[in-house]
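Numbering (our numbering), first residue to last: 13 to 349.
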């Protein structure tokens, strides 16, 4: 039986109190990306008493994740468990009262409203800027606070972007070029640095839920050697997103296919276009594709030194591929979707 005093230490904080704790226990948080940042943020918010956590991640657990992704273990990596599923299992053992909803899909313009419409706050655990700018569009359009977070090497950045103030595009009008963005694969990553950034991100999410009036700022942290600074986020009256209501990522004006370099590999991914029965697809190609594994959640195989993952919303991710043209050729010559 659970202790009625579970959250008393948190309730004693003057910034939270009984009223704030009630807001937390009524809140729904969407965590987009269940990697290092997403895992740590999810754990803190689950322990804080959030009513419902929506986990969204297209990826599976592998061994290189275990250095920094705190909700996974070697069994998850060996079984190639989808990250959202593995994280949900762990979180339910931490707080059984917290409802955990999982989506093993690529978040895109086609499904973000169906998945995130209940959320009181969006928490960033992403590994690419396409999704971050999509979240920013959705945040502004639907007036939902967005916690931006990113970390690589020994450095991190975090911000609470409240819908009534400056948005991401006010400060960074365009995403950086892929070749200008360091990744965990190119720069490495210090596990505890992820923990610091995720702690800040989950704190900002709790502050959003408790309706704290905060300055709009980006917090930059370098862990080795330690330095910290904040940058004021000034609203731009010419901002394409929050001033002109031009939601380029949410409307699908921006490309639905892109090359990214994430923490583990170079990949091409295509946004989902609708549901597909992966069991039927698997039965069709059984015995014809190398290393084929499939379930209701994911269809995966190997081809020409690449790993291909197809999800039930038809989103496709090809690891080890560095061009959209090659990716299209692989799909065309294998499953033909």
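Cβ atoms here follow ideal geometry from the backbone N, Cα and C, with glycine treated the same way. A quick note: this is a predicted structure, and the numbers were derived from the prediction, not measured.
Judged by DSSP secondary structure, residue 64 falls within the beta strand (DSSP E) whose first and last residues are 64 to 68. The C-beta distance from residue 165 to residue 201 rounds to 6 Å, short enough to fall under 8 Å. When the beta-carbon positions are compared, residue 39 and residue 62 come within less than 8 Å of each other. At a Cβ-Cβ threshold of 8 Å, residue 181 and residue 117 do not count as neighbours.
Three or more pairs of CB atoms, one per stretch, sit closer than 8 Å, so the segment 332 to 343 contacts the segment 301 to 320. Excluding five sequence positions before and after residue 248, the CB atoms of its chain that fall closer than 6 Å to its own CB belong to 182, given in chain order.
Listed in chain order, the beta strand (DSSP E) elements of length 3 or more contained wholly in the segment 115 to 196 are 133 to 136, 157 to 164 and 167 to 173. For residue 233, the enclosing beta strand (DSSP E) has its first and last residue at 229 to 235. Per DSSP, the continuous alpha helix (DSSP H) segment holding residue 86 begins and ends at 86 to 91.
For residue 72 and residue 297, the gap between their C-alpha atoms comes out near 21 Å.
Looking only at 56, 33, 78 and 35, the smallest Cα-Cα distance to residue 43 is reached by 56.
Between the alpha carbons of residue 330 and residue 26 lies a distance of about 49 Å. Going by C-alpha positions, residue 123 is about 31 Å away from residue 86. With respect to residue 251, residue 259 sits apart: the two C-beta atoms are not nearer than 8 Å. The three-state secondary structure of residue 292, taken from DSSP, is helix. Sequence-distant partners of residue 236 (beyond 5 residues in either direction) whose C-beta falls short of 6 Å from its own C-beta, in its chain, are 166. Residue 67 is positioned such that its CB atom lies closer than 8 Å to that of residue 112. The alpha-carbon of residue 100 is positioned some 10 Å away from that of residue 106. The continuous alpha helix (DSSP H) containing residue 214 extends over residues 203 to 221.
Per the Cβ contact rule, the segment 150 to 166 is in contact with the segment 122 to 141 (3 or more Cβ pairs under 8 Å). Short of 6 Å from the beta carbon of residue 95, and not among the five residues preceding or following it, lie these beta carbons of its own chain, in chain order: 46, 69, 71 and 73.
Per DSSP, reduced to three states, the secondary structure at residue 31 is helical.
For residue 234, the closest of 169, 109, 50 and 20 by C-alpha to C-alpha distance is 169.
The C-beta distance from residue 145 to residue 187 rounds to 6 Å, short enough to meet the 8 Å contact threshold.
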